[in-house]
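As you go down the protein sequences, you meet chains D and S in turn. First residue of the first sequence: 74, per the numbering used here; consecutive thereafter. First residue of the second sequence: 74, per the numbering used here; consecutive thereafter. Yeah, the Cβ is synthetic: ideal placement off N, Cα and C, and Gly gets one too. Predicted, not measured: the structure shown is a model, and the values here were computed from it. The block underneath contains the structure these notes are about, expressed in structure tokens.
There are 2 protein chains.
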Amino acid sequence: MNNTLDIDALVARIKAVLPESSEPIALHEPRFQGNEWAYVKNCIDTGWVSTVGTYVNRFEQSLSEYTGAKHAIAVVNGTAALHICLLLVGVERGDEVVVPSLTFVATANAISYCGAVPLFADSDKATLGMSAAKVDEFLVNHAEVRGGVCFNRQTGRRIAALMPMHTFGQPVDIDAFLALADKWKLPLIEDAAESLGTSYRGVHTGNFGIVSALSFNGNKIITTGGGGAILTNNEALAKRAKHLTTTARVPHKWSFVHDEVGYNYRLPNINAALGCAQMELLPEFLERKRQLAARYEKALKDVAGLRFFVERDEVHSNYWLNTILLDQQSMDHRDHVLEKLNISGLMARPAWVLMHKLPIFAEAPRMDLSVAEALEKSIINIPSSVILS
Amino acid sequence: MNNTLDIDALVARIKAVLPESSEPIALHEPRFQGNEWAYVKNCIDTGWVSTVGTYVNRFEQSLSEYTGAKHAIAVVNGTAALHICLLLVGVERGDEVVVPSLTFVATANAISYCGAVPLFADSDKATLGMSAAKVDEFLVNHAEVRGGVCFNRQTGRRIAALMPMHTFGQPVDIDAFLALADKWKLPLIEDAAESLGTSYRGVHTGNFGIVSALSFNGNKIITTGGGGAILTNNEALAKRAKHLTTTARVPHKWSFVHDEVGYNYRLPNINAALGCAQMELLPEFLERKRQLAARYEKALKDVAGLRFFVERDEVHSNYWLNTILLDQQSMDHRDHVLEKLNISGLMARPAWVLMHKLPIFAEAPRMDLSVAEALEKSIINIPSSVILS
Numbered sequence: 074m075n076n077t078l079d080i081d082a083l084v085a086r087i088k089a090v091l092p093e094s095s096e097p098i099a100l101h102e103p104r105f106q107g108n109e110w111a112y113v114k115n116c117i118d119t120g121w122v123s124t125v126g127t128y129v130n131r132f133e134q135s136l137s138e139y140t141g142a143k144h145a146i147a148v149v150n151g152t153a154a155l156h157i158c159l160l161l162v163g164v165e166r167g168d169e170v171v172v173p174s175l176t177f178v179a180t181a182n183a184i185s186y187c188g189a190v191p192l193f194a195d196s197d198k199a200t201l202g203m204s205a206a207k208v209d210e211f212l213v214n215h216a217e218v219r220g221g222v223c224f225n226r227q228t229g230r231r232i233a234a235l236m237p238m239h240t241f242g243q244p245v246d247i248d249a250f251l252a253l254a255d256k257w258k259l260p261l262i263e264d265a266a267e268s269l270g271t272s273y274r275g276v277h278t279g280n281f282g283i284v285s286a287l288s289f290n291g292n293k294i295i296t297t298g299g300g301g302a303i304l305t306n307n308e309a310l311a312k313r314a315k316h317l318t319t320t321a322r323v324p325h326k327w328s329f330v331h332d333e334v335g336y337n338y339r340l341p342n343i344n345a346a347l348g349c350a351q352m353e354l355l356p357e358f359l360e361r362k363r364q365l366a367a368r369y370e371k372a373l374k375d376v377a378g379l380r381f382f383v384e385r386d387e388v389h390s391n392y393w394l395n396t397i398l399l400d401q402q403s404m405d406h407r408d409h410v411l412e413k414l415n416i417s418g419l420m421a422r423p424a425w426v427l428m429h430k431l432p433i434f435a436e437a438p439r440m441d442l443s444v445a446e447a448l449e450k451s452i453i454n455i456p457s458s459v460i461l462s
Numbered sequence: 074m075n076n077t078l079d080i081d082a083l084v085a086r087i088k089a090v091l092p093e094s095s096e097p098i099a100l101h102e103p104r105f106q107g108n109e110w111a112y113v114k115n116c117i118d119t120g121w122v123s124t125v126g127t128y129v130n131r132f133e134q135s136l137s138e139y140t141g142a143k144h145a146i147a148v149v150n151g152t153a154a155l156h157i158c159l160l161l162v163g164v165e166r167g168d169e170v171v172v173p174s175l176t177f178v179a180t181a182n183a184i185s186y187c188g189a190v191p192l193f194a195d196s197d198k199a200t201l202g203m204s205a206a207k208v209d210e211f212l213v214n215h216a217e218v219r220g221g222v223c224f225n226r227q228t229g230r231r232i233a234a235l236m237p238m239h240t241f242g243q244p245v246d247i248d249a250f251l252a253l254a255d256k257w258k259l260p261l262i263e264d265a266a267e268s269l270g271t272s273y274r275g276v277h278t279g280n281f282g283i284v285s286a287l288s289f290n291g292n293k294i295i296t297t298g299g300g301g302a303i304l305t306n307n308e309a310l311a312k313r314a315k316h317l318t319t320t321a322r323v324p325h326k327w328s329f330v331h332d333e334v335g336y337n338y339r340l341p342n343i344n345a346a347l348g349c350a351q352m353e354l355l356p357e358f359l360e361r362k363r364q365l366a367a368r369y370e371k372a373l374k375d376v377a378g379l380r381f382f383v384e385r386d387e388v389h390s391n392y393w394l395n396t397i398l399l400d401q402q403s404m405d406h407r408d409h410v411l412e413k414l415n416i417s418g419l420m421a422r423p424a425w426v427l428m429h430k431l432p433i434f435a436e437a438p439r440m441d442l443s444v445a446e447a448l449e450k451s452i453i454n455i456p457s458s459v460i461l462s
């Protein structure tokens, strides 16, 4: 009976890690205890809440300094960042883009906005992200490179990009994806929406792809209300990103000329002001989140029927969402565990429903997705707010 | 020499209307003198800056109450509102949508986002907006209704919607557009991005279209930093608008199921908080803007070579941007007037470059656009901020 999941014991162990609370404990809530109010008040006092103002530049610079990426372009949310990343690497109508089936819907939607189609990839148990080995196996069997361009022989469509997502802040096996991108001539985009603060072999995530996307939604490690950013080390792409996200207007003192179909994706100054204050707190947030994860790890070590997901050796994770993985024989109890946790005032949730199961993506090409399907039944995210440590 | 434009006299007359200022006077800047601080601080203090929080509902309710539209759905900006409006009336890839050539690029871009094509329409000198008569004339010659659907015989494409824009807050001839929409079986969308506060025959703009779009960008009569809204009197469309703008997620306590390709277009709570405070000030803003316009009207009455644009009898305008129209024989001096005004510290700008002249819309169908072309050479917007009265 050693391997049998004891749900009551699990609830008790989690409760022991967390502070006493008469209110339900959120999965992830923001914390504002720095200069948020001072900076936002400054925006209101000067009247610079919108597109004019200095906080957007300052926020972009602090993102660039923190991540080490040469350029950061602030945008209205992570979905907008993903959309622009895809356009920047040249994704066009009718193309396919390789993405994990285990991801938030924004990853796949951004591909739809380009008129392209997601090619759903399986997961890697070791990273919770897309499996480079499974993608390679699929491409070996079904794709070919002609004239430096990768084609899916099954559908006849061009495969235009590779877009792994760093799940819950835990990065994919980036070295393997760099090799894969090189082998199959595929531009690499990192969906780093969840991984601000996470580095891989000492380099911040978002620096490995040609372009990368961050998110500062209300549930992320830092928040701007709604917001996101594009990271890149390529100056020309950075300029084009700024241009595309600001209606592609050609600079002029009064004339309105736009040289591309552009987007109204710029981040308002008032949201950037919040971001500047949050970035000042990020090192402390990161430390607190890692402390919380360490306490969960210890507390859940000998609970039968599950394991707590721990970063790999080459990773320094932001532990955005703490994750427990139910063993094979406990997976059938996932919804029961979720009910019990939520009823006990501990907000918990499963992974997203796999993208290939959504009717909107019923026609999308895919590979064997058995690992993703097992992970979907196994994953439970538990309370992860900075404030809990 | 009576009709010759005297630019120095024009500058002096405008200056006489405006307060003394050592700084250049902006075209349109926001004003925050109400509850902006209190509401935004409340967001930060409660941690509810993002998608959770009460200000979004409150802002939507105040928009609904003020405009008289049954439903208002707050979104991230006016461009997003236009995009969703087009989807709501069923615009699809390959369709055409009738829009004015004289408009901001967002109107036409939103059509591109749907994979549809703008059909550029001429302007009406009396309204500065799209000409219902010219559209009717074009449709009589080139379109036909088959099975309740309007087709462009020249291109073979379906014409899927009619989307006039209320230029600088001055509404189009709405009665004529309602008749046109009925005659040609075209859903009417109002691009009311510039017309919050403007009514037509006693009814607020945005109530005549099946759906309508508002904008609260930093240069608008009220601002949320960046923001917009969809107005509708149709409950089913309102529900679908909320669904499409919130990633089309099917409500569930933890499961993430999305039943359409959705968008991350919701307005963050912190921006909505700003909007709630600004809505409280709107009646005063409107009064001040109408006072400023009345003073301009008086001051520019007898300046040769131009006229100040005044609302028609059936209109109560927000006078978002005050507009002077150069006479035929003065139009060649437009850029000279703009230079002189800007050098004198009075920020002024021309109308947008006409959409059909932008290379990105070079292939778009169009009708005779002679009135729009004359207006483009004739229009100059002059300082219009609330604070100037």
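Please confirm whether residue i has its beta-carbon closer than 8 Å to some beta-carbon of chain D.
{"i": "P103 of chain S", "result": "yes"}
{"i": "D264 of chain S", "result": "no"}
{"i": "P173 of chain S", "result": "no"}
{"i": "T296 of chain S", "result": "yes"}
{"i": "L419 of chain S", "result": "no"}
{"i": "P423 of chain S", "result": "yes"}
{"i": "P341 of chain S", "result": "yes"}
{"i": "G299 of chain S", "result": "yes"}
{"i": "G378 of chain S", "result": "no"}
Which residue from the options puts its Cα closest to that of residue i?
{"i": "Y269 of chain S", "options": "S:L253, S:N292, S:G242", "result": "The sequence shown places Leu at residue 269 of chain S, not Tyr. The shortest Cα separation from L269 of chain S among S:L253, S:N292, S:G242 belongs to S:G242."}
{"i": "K256 of chain D", "options": "D:A206, D:A82, D:V388, D:R361", "result": "D:A206"}
{"i": "S174 of chain S", "options": "S:N225, S:E210, S:P237, S:F224", "result": "S:P237"}
{"i": "G418 of chain D", "options": "D:G188, D:I455, D:W110", "result": "D:I455"}
{"i": "R439 of chain D", "options": "D:L201, D:V171, D:V113, D:G301", "result": "D:V171"}
{"i": "E436 of chain S", "options": "S:A181, S:E102, S:G151", "result": "S:A181"}
{"i": "T228 of chain D", "options": "D:T240, D:D168, D:G220", "result": "D:D168"}
{"i": "L373 of chain S", "options": "S:H144, S:N76, S:R86", "result": "S:R86"}
{"i": "A183 of chain D", "options": "D:A194, D:D195, D:E165", "result": "D:E165"}
{"i": "E96 of chain D", "options": "D:A233, D:I416, D:I452", "result": "D:I416"}
Counting contacts by CB-CB distance shorter than 8 Å, is residue i in contact with chain S?
{"i": "T180 of chain D", "result": "no"}
{"i": "W327 of chain D", "result": "yes"}
{"i": "N71 of chain D", "result": "Nothing can be reported for residue 71 of chain D, as the shown portion of chain D is limited to 74 through 462."}
{"i": "T320 of chain D", "result": "yes"}
{"i": "H144 of chain D", "result": "no"}
{"i": "E217 of chain D", "result": "no"}
{"i": "V330 of chain D", "result": "yes"}
{"i": "N280 of chain D", "result": "no"}
{"i": "V222 of chain D", "result": "no"}
With C-beta atoms as the reference, is residue i less than 8 Å away from residue j?
{"i": "Y128 of chain D", "j": "N342 of chain D", "result": "yes"}
{"i": "I80 of chain S", "j": "H389 of chain S", "result": "no"}
{"i": "A346 of chain D", "j": "V113 of chain D", "result": "yes"}
{"i": "V245 of chain D", "j": "C158 of chain D", "result": "no"}
{"i": "N290 of chain D", "j": "S94 of chain S", "result": "no"}
{"i": "H331 of chain D", "j": "T320 of chain D", "result": "yes"}
{"i": "N306 of chain D", "j": "A142 of chain D", "result": "yes"}
{"i": "T296 of chain D", "j": "P103 of chain D", "result": "yes"}
Using 7 Å as the cut-off, classify the Cβ of residue i as near or not near the heavy atoms of the ligand COA, replying yes or no.
{"i": "H277 of chain S", "result": "You won't find the ligand COA in this model; it holds no ligand whatsoever."}
* Would you list, in chain order, the members of the segment 114-142 of chain D that have their beta-carbon closer than 7 Å to a beta-carbon of chain S? => So the list reads K114, I117, G120, V122, S123, T124, V125, given in the order they occur along the chain.
* Quick one, which residues of the segment 387-415 of chain D are near chain S if we go by CB-CB under 8 Å, in chain order? -> Here the close residues are L411, N415.
* Asked: Taking the runs of the beta strand (DSSP E) that are 3 residues or longer, which of them lie wholly in the segment 356-382 of chain S?
  -> As summarised for the segment 356-382 of chain S, the continuous beta strand (DSSP E) elements at least 3 residues long and confined to that stretch are 379-381, given in chain order.
* **Inside the segment 429-458 of chain D only - beta strand (DSSP E) runs reaching at least 3 residues** => Those beta strand (DSSP E) runs which fall completely within the segment 429-458 of chain D and span 3+ residues are 452-455.
* **3-residue-minimum beta strand (DSSP E) runs that sit fully inside the segment 153-217 of chain D, ordered along the chain** => Runs of the beta strand (DSSP E) inside the segment 153-217 of chain D: 169-173, 190-194.
* Return the residues of the segment 152-176 of chain S that lie within a Cβ-Cβ distance of less than 7 Å from chain D, sorted by chain order. => Listed in sequence order: T152.
* To do: Quick one: which residues of the segment 345-358 of chain D get their C-beta closer than 8 Å to a C-beta of chain S? List them in chain order.
  => So the list reads L347, given in the order they occur along the chain.
* Asked: Residue ranges of each beta strand (DSSP E) run of no fewer than 3 residues wholly in the segment 268-353 of chain D, ordered along the chain?
  -> As summarised for the segment 268-353 of chain D, the continuous beta strand (DSSP E) elements at least 3 residues long and confined to that stretch are 284-288, 301-305, given in chain order.
* Which full runs of the beta strand (DSSP E) of 3+ residues lie inside the segment 77-102 of chain D, going along the chain? -> None, since the segment 77-102 of chain D contains no complete beta strand (DSSP E) of that length.
* Under 7 Å (Cβ pairs) to chain D, residues found in the segment 253-277 of chain S -> Hits within the stretch: zero.
* Given a limit of 9 Å on CB to CB distance, which residues of the segment 180-203 of chain S reach chain D? -> For the segment 180-203 of chain S, which is checked against every Cβ of chain D, the residues closer than 9 Å are A181, N182, S185, Y186, G188.
* To do: Residues of the segment 430-442 of chain S with a CB closer than 8 Å to any CB of chain D: list them in chain order, please.
  => Contact annotation: in the segment 430-442 of chain S, residues whose CB is within less than 8 Å of a CB in chain D are L431, P432, I433.
* Positions along the segment 229-252 of chain D whose CB lies within less than 7 Å of some CB in chain S -> Those residues of the segment 229-252 of chain D that come within reach of chain S (Cβ to Cβ, closer than 7 Å) do not exist; the list is empty.
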